[in-house]
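Just add 4 to the spot in the sequence shown (first one is 1) and you have the numbering used here. Structure, as structure tokens:
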Amino acid sequence: MPREYISPAIRELRDQLVRFAPRERRWEQVAQTERLLSEIVPDRIYPYEFLCFRITNYRPTDNLSVQIPGTDVLHDLRLLIEDLSESAQVPAEFAGERVLTIDELARRLNVSTKTIARWRRSGLVSRRFVMDGRSRVGFLQSSVERFVSQNRQKVRRGSQFSQMSEEERNAIIDGARRLAAVGGYPAEVAKRLAQQTGRSVETVRSTLKNFDEKNPDIAIFPDSLGPLPLEAKRKIFQLYQRGESVETLARRYGRTRTTIYRIVKEMRAQRIMELPLDFIPHRSFAHVKTPAKERRILGPMPESDAVVKKPRLPSGLPPYLASLYEVPLLTRAQEMHLFRKMNYLKFKAAKLRSKLDPAAPKKALMDEIERCYEAAIETKNQIIRANLRLVVSIAKRHVGPLDNFFELVSDGNMSLMRAVEKFDYSRGNKFSTYASWAIMKNFARTIPDEHRRRDRFRTTEAEVFSTTPDEKAELGDQEALQAQRELQVESILSCLDDREQAIIIKRFGLRRGHEPLTLKEVGAELGVTKERIRQIEARALTKLRKAAEEERIELPS
Numbered sequence: 005m006p007r008e009y010i011s012p013a014i015r016e017l018r019d020q021l022v023r024f025a026p027r028e029r030r031w032e033q034v035a036q037t038e039r040l041l042s043e044i045v046p047d048r049i050y051p052y053e054f055l056c057f058r059i060t061n062y063r064p065t066d067n068l069s070v071q072i073p074g075t076d077v078l079h080d081l082r083l084l085i086e087d088l089s090e091s092a093q094v095p096a097e098f099a100g101e102r103v104l105t106i107d108e109l110a111r112r113l114n115v116s117t118k119t120i121a122r123w124r125r126s127g128l129v130s131r132r133f134v135m136d137g138r139s140r141v142g143f144l145q146s147s148v149e150r151f152v153s154q155n156r157q158k159v160r161r162g163s164q165f166s167q168m169s170e171e172e173r174n175a176i177i178d179g180a181r182r183l184a185a186v187g188g189y190p191a192e193v194a195k196r197l198a199q200q201t202g203r204s205v206e207t208v209r210s211t212l213k214n215f216d217e218k219n220p221d222i223a224i225f226p227d228s229l230g231p232l233p234l235e236a237k238r239k240i241f242q243l244y245q246r247g248e249s250v251e252t253l254a255r256r257y258g259r260t261r262t263t264i265y266r267i268v269k270e271m272r273a274q275r276i277m278e279l280p281l282d283f284i285p286h287r288s289f290a291h292v293k294t295p296a297k298e299r300r301i302l303g304p305m306p307e308s309d310a311v312v313k314k315p316r317l318p319s320g321l322p323p324y325l326a327s328l329y330e331v332p333l334l335t336r337a338q339e340m341h342l343f344r345k346m347n348y349l350k351f352k353a354a355k356l357r358s359k360l361d362p363a364a365p366k367k368a369l370m371d372e373i374e375r376c377y378e379a380a381i382e383t384k385n386q387i388i389r390a391n392l393r394l395v396v397s398i399a400k401r402h403v404g405p406l407d408n409f410f411e412l413v414s415d416g417n418m419s420l421m422r423a424v425e426k427f428d429y430s431r432g433n434k435f436s437t438y439a440s441w442a443i444m445k446n447f448a449r450t451i452p453d454e455h456r457r458r459d460r461f462r463t464t465e466a467e468v469f470s471t472t473p474d475e476k477a478e479l480g481d482q483e484a485l486q487a488q489r490e491l492q493v494e495s496i497l498s499c500l501d502d503r504e505q506a507i508i509i510k511r512f513g514l515r516r517g518h519e520p521l522t523l524k525e526v527g528a529e530l531g532v533t534k535e536r537i538r539q540i541e542a543r544a545l546t547k548l549r550k551a552a553e554e555e556r557i558e559l560p561s
């Protein structure tokens, strides 16, 4: 029998009694434990203090608040009886009544020794006695009589197994074949045939299993014989994640609960081995060796000292895009904290994964790896949410009369996600600058491609012949040059604040489809005087010239 206790409190009690209780006292405690076992109701909760008093006649000073479910109590008390009786080393002849061995009890009840082992797990109390100089499992006459009186139907079904005739066995096999042909699962078929024949489910299951093993060419459930294919294992794991119970999966696939648990662990380990755990390394990660240092990295994001102003929403945005502007922008310190946290979590998960043995995965290790990965993804999403408005802003400046604005935003979001993965926070740059370059570079490539694609699919004869090959080549060169110029403009515009950018864009018509505006027109839109617009424009142009020199961008004369 398994020797693993479910309740740590009862296991601790076992250790104390085996070490310190006199041998004669231990034998008395075995009898008291068996009497207590017969009174336990599975669906009740029992305080440890009550259990300890009934077993030992004294009230404990430890574990007073421990409450144990009845099913766990039944399991652990049976183990306690065996462990205490084994430590007492009582010869069978001194038991005070007749003691039956496993073989003797099997012959007496006309069942197999496997059935006896199964009954021990479901309530048949066994003890350990010294027989022929060895410690062996035995059953008191009174324990057997109590079990039989409480389980007459079970004992009767078990005793009928060895009396099954060939005709009855063939009837079970034929019935199983008919049920399997209409989609019955092995467990369902066994249960239904057990009800029809009056046999136990285990008897029917064993009969069918033995038949399939001896006759693989005409097996009733051939899929239950060999190993499951990889696709079936993946399906089991998916169903388990969706909440399907292990019992249901075992019935559906004709496997034991243990096999289903093993498959789930195997598939879970395989998924963990495939997790994308690439990270930007930092020398500080290797020095995080104490919980205090780790808490500094994984702690809450620092608060912003700046006064949060309500952002000005661009005109014409649908509600779900306008809601992006409700997420506050990150400060440089907040960005550094989140990027360090995300990459450290991936670093830690990758380090833990290197210890994972896919052939024998440990649940605790897999739990920790998944916890780190999920926390890293949540941190990544936090960074993305804070920068989604950047994508909208850049997309609005690039969208043309023939472009789909929402496709541009979607494409820019993908660039933003890739930028989060590749950004090296340790260099001290602001992420918005890095992300802007990545998004604009992607737009510079995809927008001309889209224009060429539209040009390729002309539909009328006039359209097909309206442009000569030389003109098309010239158009492609112009588009590439225009994309390069737009990329350079976007780059140096990032050095301006929002108001300066708006004024420069309006004054010089940098947004597609818009003509340049006068100082007076810009002032009217922004609600300030044209003189104030001129001052801001002059200051912004000075910044742009300096930025262009630093970026080595050639300015027109």
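Just so it is clear, CB atoms sit at the ideal spot from N, CA and C, and this is done for glycine as well.
- Message: Give me the DSSP bridge partner(s) of Q199.
- Response: DSSP output for Q199 lists no bridge partner at all.
- Would the beta-carbon of A380 fall within 8 Å of that of A353? In this structure, A353 lies closer than 8 Å to A380 by Cβ.
- Whether I176 touches V152 by CB criterion (8 Å): no
- Measure the CB-CB distance between N67 and A13 and report whether it falls below 8 Å. yes
- Item | One or two residues paired with P95 in a DSSP bridge | V134
- Query: How many Å lie between D136 and I106 at the Cα?
  - Reply: 15 Å
- Query: Quick one, which of V250, S436, R538 has its alpha-carbon nearest A191's?
  - Reply: V250
- Query: In the structure shown, what three-state DSSP assignment does Y329 receive?
  - Reply: Correct three-state label for Y329: helix.
- Coil, strand or helix - F427 by DSSP: coil
- Query: Of the residues R449, L420, N446, which one's Cα is nearest the Cα of F435?
  - Reply: L420
- Report yes if the C-beta distance between A551 and I496 is below 8 Å; otherwise report no. yes
- Message: Less than 7 Å between C-beta atoms, sequence neighbours within five positions excluded: which residues of the same chain meet that for A399?
- Response: F409, L412, V413, G416
- Item | Own chain, CB closer than 6 Å to Q145, minus 5 neighbours either side, in chain order | E101, R102
- Residues near L360 by beta carbon distance below 8 Å, same chain, minus five either side: A273, I276, M277, K366, L369, M370, I373
- Beta-ladder partner(s) of P1, from DSSP: Beyond the ends of the chain as shown, which are 5 and 561, falls residue 1; an answer cannot be given.
- Query: In the structure shown, what three-state DSSP assignment does V141 receive?
  - Reply: strand
- Message: My output table needs one value for L55: the three-state DSSP class, helix, strand or coil.
- Response: helix
- Task: Output the distance between the C-alpha atoms of E529 and Q338, rounded to the nearest integer angstrom.
- Result: 34 Å
- Message: Which residues does DSSP list as the beta-bridge partners of V103?
- Response: L144
- Among S91, R401, E298, F427, the one whose alpha carbon lies nearest that of K22: A quick correction: the sequence has Val, not Lys, at residue 22. Answer by Cα proximity: S91.
- Between the stretch 196–204 and the stretch 230–240, are three or more C-beta pairs nearer than 8 Å? no
- Closest Cβ-Cβ distance between D136 and chain B: below 8 Å? Among the protein chains of the structure shown there is no chain B, as only one such chain exists.
- Item | Limits of the alpha helix (DSSP H) - the one that I582 falls within | The question about residue 582 has no answer here: the residues shown for the chain are numbered 5 through 561.
- Can the beta-carbon of I85 be found less than 8 Å from the beta-carbon of T37? yes
- Query: Does the Cβ of D474 have 16 or more other Cβ atoms within 10 Å, making it buried, or fewer, making it exposed?
  - Reply: Because D474 sits at a pLDDT of 45, beneath the cut-off of 50, its placement in the model cannot be relied upon, and the point is left open.
- How about E504 and I540: are their beta carbons less than 8 Å apart? yes
- Own chain partners of I267 with C-beta closer than 6 Å, once the 5 adjacent residues on each side are dropped: K237, I240
- Item | Rounded Cβ spacing between Y189 and R140 (contact assumed at less than 8 Å) | About 39 Å; that fails the 8 Å criterion.
- CA-to-CA distance, R58 to I44, given in whole angstroms: 12 Å
- Quick one: residues in its chain with C-beta nearer than 7 Å to the C-beta of R336, no 5 flanking neighbours on either side, listed in chain order? K434
- Query: Does the beta-carbon of V186 have 16 or more other beta-carbons within 10 angstroms, so that it is buried, or is it exposed?
  - Reply: exposed
- Query: Just the Cα atoms here: how many angstroms apart are I301 and K345?
  - Reply: 6 Å
- Query: Residue ranges of each alpha helix (DSSP H) run of no fewer than 4 residues wholly in the stretch 365–409, ordered along the chain?
  - Reply: Entirely contained in the stretch 365–409, the alpha helix (DSSP H) runs reaching 4 residues are, in chain order, 367–402.
- Item | CB-CB length for P520 against G513, believed under 8 Å | 4 Å
- Query: When the Cα of E535 is compared with those of R543, V159, L523, which residue comes out closest?
  - Reply: Taking each of R543, V159, L523 in turn and checking the Cα distance to E535, the smallest one comes out for L523.
- Go to M340, then tell me how far its alpha helix (DSSP H) extends in each direction, as first and last residue. 336–357
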